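If you read the protein sequences in the order shown, they are chains A and B.
For the first sequence, full-length UniProt numbering gives the first residue as 1, with consecutive numbering after it.
For the second sequence, full-length UniProt numbering gives the first residue as 1, with consecutive numbering after it.
Positions of the beta carbon are idealized from the N, C-alpha and C atoms, including for glycine.
Please read these numbers as outputs of a predicted model, since none were measured by experiment.
For reference, the structure is listed below as structure tokens.
Protein chains: 2
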Amino acid sequence: MTARIDTTLIIGLGLIGGSLARALRSSGFSRRVLGFGHREASLARGVELGVIDDYSLDLEQALAAADLVVIATPTLVAAQMLERVLPLLKARDSMPIVTDVASVKGNLQQAAVATWGAMPPRLILGHPIAGSERSGVEASRADLFVSHRVILTPVPENDLEALSLVRDMWHRTGAEVVDMSVAAHDAVLAATSHLPHMLAYALVDALAQSPLGDDIFRFAAGGFRDFTRIASSDPVMWRDIAIANRSALLKAIDQFSEHLAQLRDAVATEDAESMLQTFSRAKQARDEFATMLQARSQAADQHLAEPK
Amino acid sequence: MTARIDTTLIIGLGLIGGSLARALRSSGFSRRVLGFGHREASLARGVELGVIDDYSLDLEQALAAADLVVIATPTLVAAQMLERVLPLLKARDSMPIVTDVASVKGNLQQAAVATWGAMPPRLILGHPIAGSERSGVEASRADLFVSHRVILTPVPENDLEALSLVRDMWHRTGAEVVDMSVAAHDAVLAATSHLPHMLAYALVDALAQSPLGDDIFRFAAGGFRDFTRIASSDPVMWRDIAIANRSALLKAIDQFSEHLAQLRDAVATEDAESMLQTFSRAKQARDEFATMLQARSQAADQHLAEPK
């Protein structure tokens with residue numbers, strides 16, 4: 001199969017960037033994959049592990065060689081990186097296609113518009129919903145995105161060829177690609193990911209400071225372990241996501257707080273019927289979600305078992 | 001080893017009652033274990049599976065034969081059962097020892113005092129912190145309580161011999177027994193179990209009703225699956241627990257809401273330092289909790305591997 005792209009540049013070679021690099025090389029989507037970052041050790045390790053072909057520590061040089069640029073740095077750094085990258089590309093005759101993998105899209109769109117004067121046609125914002133307890137290039141895997149969702153947030157200004165190429169790139173990793181508006185993406189992620197992290201952090205911190213004593217966690221059972229797992233996530237990353245997605249996150253917190261206040265009222269007034277309705281609706285939705293995840297995981301197993 | 005007790009009566013032969021029955025028989029703590037309940041099929045199945053020796057559908061007759069009575073019904077039913085059992089025992093010359101396994105203790109203490117006129121000396125309230133995704137006598141296991149915590153909530157009126165016997169009973173199942181006041185138990189359980197269930201139910205219900213659309217769950221990732229697992233719990237059971245532990249639960253909700261409001265303020269004002277502090281404290285507490293669970297699980301494996 002002919003490679004779709006000659007040279008892809010991955011900026012930031014962590015779990016996501018490294019896994020994408022592996023998938024693009026092993027699928028033959030990109031003839032060559034380069035890395036750029038500020039930690040030479042990670043980049044050298046990436047070459048050693050066969051994750052990338054080569055790397056550069058000079059952004060301008062790295063960009064000059066690239067047909068496709070993927071910004072795979074942490075969330076807040078992605079906006080700063082975009083502000084560095086776009087001016088360097090503006091001078092070129094044919095601009096490479098640029099995309100990213102950050103968890104929040106609105107702040108990147110703002111950064112791009114502020115830097116470029118409008119949304120650059122060949123900048124396609126995207127977000128693969130995948131991760132792992134582990135991080136870093138050592139943890140990267142070519143199959144990380146198989147059967148995971150990738151949300152792209154194209155805008156009317158976008159070049160359709162660029163959009164189609166980024167869509168293809170993700171299809172080649174085994175992901176399911178979905179288009180959404182920037183605002184919808186940020187609201188959906190606030191509700192399903194950023195808000196749960198805030199709740200888990202707030203709960204564990206409240207208990208840790210509880211007058212009930214240091215050993216309160218001794219009496220927590222299995223359900224608590226699962227419920228609070230995400231409170232072990234990286235504090236810096238989540239501080240940055242909360243800042244980047246501030247306005248959608250505040251809305252999600254407020255909607256949740258309203259629901260919790262209603263449930264509190266039902267408990268306070270011993271409104272058994274209202275509690276039962278809330279719990280039953282939630283159980284049904286959660287059971288359906290679990291069924292969907294199971295079907296998805298079977299589809300992923302099948303995908304991985306198919307001859308390539 | 002001589003049995004410590006001749007006849008134990010288990011009222012309510014579900015997962016917890018059935019597992020306790022198995023553990024008491026296999027450890028030789030009780031020579032004979034009887035079952036009482038309102039579903040004869042479960043009780044007959046219990047005999048078939050070797051969980052109990054025999055059963056009765058007549059409460060008075062069942063109680064007459066018992067030296068130790070364990071109320072192992074669901075939470076709200078436990079209070080009603082206590083109100084039925086205590087008057088039947090008051091007439092007897094030597095009262096059997098009575099204990100229970102319910103998730104809330106304050107409502108049982110109130111029911112006992114209202115029925116008996118004071119706390120009955122031989123009633124020892126207790127709560128094994130163990131469970132399983134599965135339920136019913138079919139799911140019962142003799143090792144369900146191994147390395148789990150059991151909280152007893154003795155009061156000054158309690159007979160020390162009765163307390164010591166109930167403590168022994170739980171030790172024989174492999175559990176770690178901890179004493180606590182009724183109020184502390186209900187507050188600790190509200191914070192570590194009942195509140196997390198309310199948060200998970202409220203979150204999933206809020207999302208299920210979200211204007212963002214029916215397919216919002218499609219974009220939820222692995223962290224969301226773990227975070228919301230407890231929203232698949234039995235709605236009737238949790239309605240009953242919320243009613244039984246109303247006052248401690250309301251306090252826990254209010255304390256949590258205050259913490260969430262502080263975190264919301266930090267997000268709204270982009271107070272990066274305050275967010276980082278909250279997330280870091282929570283991560284540290286959650287990581288310590290995970291380490292403790294791991295040590296515990298190793299201890300349980302060791303316990304199960306030891307020759308009996």
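Rounded straight-line distance, which links the Cα of residue j to that of residue i
i               : j               : result
D186 of chain A : V177 of chain B : 47 Å
M169 of chain B : F217 of chain A : 24 Å
R39 of chain A  : V33 of chain A  : 17 Å
L123 of chain A : F227 of chain A : 37 Å
S12 of chain B  : H197 of chain B : The sequence shown places Gly at residue 12 of chain B, rather than the Ser named in the question. Approximately 24 Å, taken between the alpha carbons.
L189 of chain B : A244 of chain B : 12 Å
A72 of chain B  : S232 of chain B : 22 Å
D287 of chain B : G17 of chain A  : 27 Å
A220 of chain B : S297 of chain B : 30 Å
E161 of chain A : V236 of chain B : 54 Å
F29 of chain A  : A3 of chain A   : 5 Å
A285 of chain A : D214 of chain B : 10 Å
V204 of chain B : S210 of chain B : 10 Å
A175 of chain B : A142 of chain B : 11 Å
D265 of chain B : R246 of chain A : 11 Å
K283 of chain A : Q294 of chain A : 16 Å
A290 of chain A : G131 of chain A : 18 Å
S274 of chain B : W238 of chain A : 12 Å
L59 of chain B  : E270 of chain A : 30 Å
A281 of chain A : A208 of chain B : The amino acid occupying residue 281 of chain A in the given sequence is Arg; Ala does not appear at that position. Roughly 8 Å between the two C-alpha positions.
D234 of chain A : L15 of chain B  : 38 Å
A303 of chain B : H127 of chain B : Note that residue 303 of chain B is His in the sequence shown here, rather than Ala. About 21 Å.
S257 of chain B : L263 of chain B : 10 Å
For residue i, the first and last residue of its enclosing beta strand (DSSP E)
i               : result
H127 of chain A : G126 to P128
G35 of chain A  : S30 to F36
L260 of chain A : Element bounds for L260 of chain A: not the beta strand (DSSP E) but the alpha helix (DSSP H), R246 to A268.
D100 of chain B : I97 to D100
L68 of chain B  : L68 to I71
D54 of chain A  : D54 to S56
D6 of chain A   : I5 to I11
Element boundaries [alpha helix (DSSP H), containing residue i]
i               : result
E157 of chain A : Segment: none, E157 of chain A is in no alpha helix (DSSP H) and carries neither H nor E.
E48 of chain B  : E40 to E48
T115 of chain A : G106 to W116
V85 of chain B  : T75 to K90
L304 of chain B : A272 to A305
L20 of chain A  : L15 to S26
D215 of chain B : Where D215 of chain B is concerned, there is no enclosing alpha helix (DSSP H), given that its DSSP letter is neither H nor E.
D226 of chain A : G222 to T228
A62 of chain A  : L59 to A64
Short Cβ contact (7 Å threshold) for residue i with residue j
i                      : j               : result
H259 of chain B        : A206 of chain A : yes
S135 of chain A        : R22 of chain A  : no
residue 314 of chain B : T75 of chain B  : Beyond the ends of chain B as shown, which are 1 and 308, falls residue 314 of chain B; an answer cannot be given.
P156 of chain B        : L163 of chain B : no
Q83 of chain B         : A64 of chain B  : The question names Gln, but residue 83 of chain B is Glu in the sequence shown. Not a contact, by the Cβ cut-off of 7 Å.
S147 of chain B        : A305 of chain B : no
K105 of chain A        : V166 of chain A : no
Y55 of chain A         : T278 of chain B : no
R172 of chain A        : S27 of chain A  : yes
R45 of chain B         : V101 of chain B : no
residue 309 of chain A : I5 of chain A   : An answer regarding residue 309 of chain A cannot be provided, because it is not within the stretch 1 to 308 covered by chain A.
H194 of chain B        : L125 of chain B : no
L89 of chain B         : M95 of chain B  : yes
G222 of chain B        : I230 of chain A : no
V70 of chain B         : I10 of chain B  : yes
D179 of chain A        : L152 of chain A : yes
F36 of chain A         : A62 of chain A  : yes
Next item on the list: Taking only beta carbons into account, state which residues of the region 134 to 163 of chain A come closer than 9 Å to chain B, listed in chain order.
Entry: Per Cβ criterion, the list reads H148, R149 and I151.
Next item on the list: Using a Cβ-Cβ cut-off of less than 9 Å, list which residues of the region 278 to 295 of chain B approach chain A; keep chain order.
Entry: T278, F279, S280, R281, A282, K283, Q284, A285, R286, D287, E288, F289, A290, M292 and L293
Check: Which ranges would you report for the beta strand (DSSP E) in the region 144 to 199 of chain B if only whole runs of at least 3 residues count?
Finding: 149 to 152 and 176 to 179
Next item on the list: Output, in sequence order along the chain, the residues in the region 34 to 53 of chain A whose CB is closer than 9 Å to any CB in chain B.
Entry: none
Next item on the list: Give the residues from the region 179 to 195 of chain B that approach chain A closer than 8 Å (Cβ to any Cβ), ordered along the chain.
Entry: Residues of the region 179 to 195 of chain B with a Cβ closer than 8 Å to any Cβ of chain A, in chain order: A184, A187, V188, L189, A191, T192, S193 and L195.
Next item on the list: Please name the residues in the region 195 to 210 of chain A whose beta-carbon is closer than 9 Å to at least one beta-carbon of chain B, in chain order.
Entry: L195, P196, H197, M198, L199, A200, Y201, A202, L203, V204, D205, A206, L207, A208, Q209 and S210
Item checked: Residues, ordered as in the chain, of the region 64 to 85 of chain B that lie near chain A by beta-carbon distance below 7 Å -> none
Next item on the list: Select from the region 239 to 253 of chain A all residues with a C-beta closer than 7 Å to any C-beta belonging to chain B, and list them in chain order.
Entry: Against chain B - using a Cβ distance shorter than 7 Å - the residues of the region 239 to 253 of chain A are R239, A242, I243, R246, L249, L250 and I253.
Note to self: Please identify, using Cβ separations under 8 Å, the residues of the region 101 to 134 of chain B that lie next to chain A, in order along the chain.
What the structure shows: Per Cβ criterion, the list reads I129, A130 and G131.
Next item on the list: Give, in chain order, every residue of the region 224 to 236 of chain A whose Cβ lies closer than 9 Å to some Cβ of chain B.
Entry: F224, R225, D226, F227, T228, R229, I230, A231, S232, S233, D234, P235 and V236
Item checked: Contacting positions in the region 254 to 271 of chain A - beta carbon closer than 9 Å to chain B -> For the region 254 to 271 of chain A, the residues whose beta carbon sits under 9 Å from a beta carbon of chain B are, in order, D254, Q255, F256, S257, E258, H259, L260, A261, Q262, L263, R264, A266, V267, A268 and E270.
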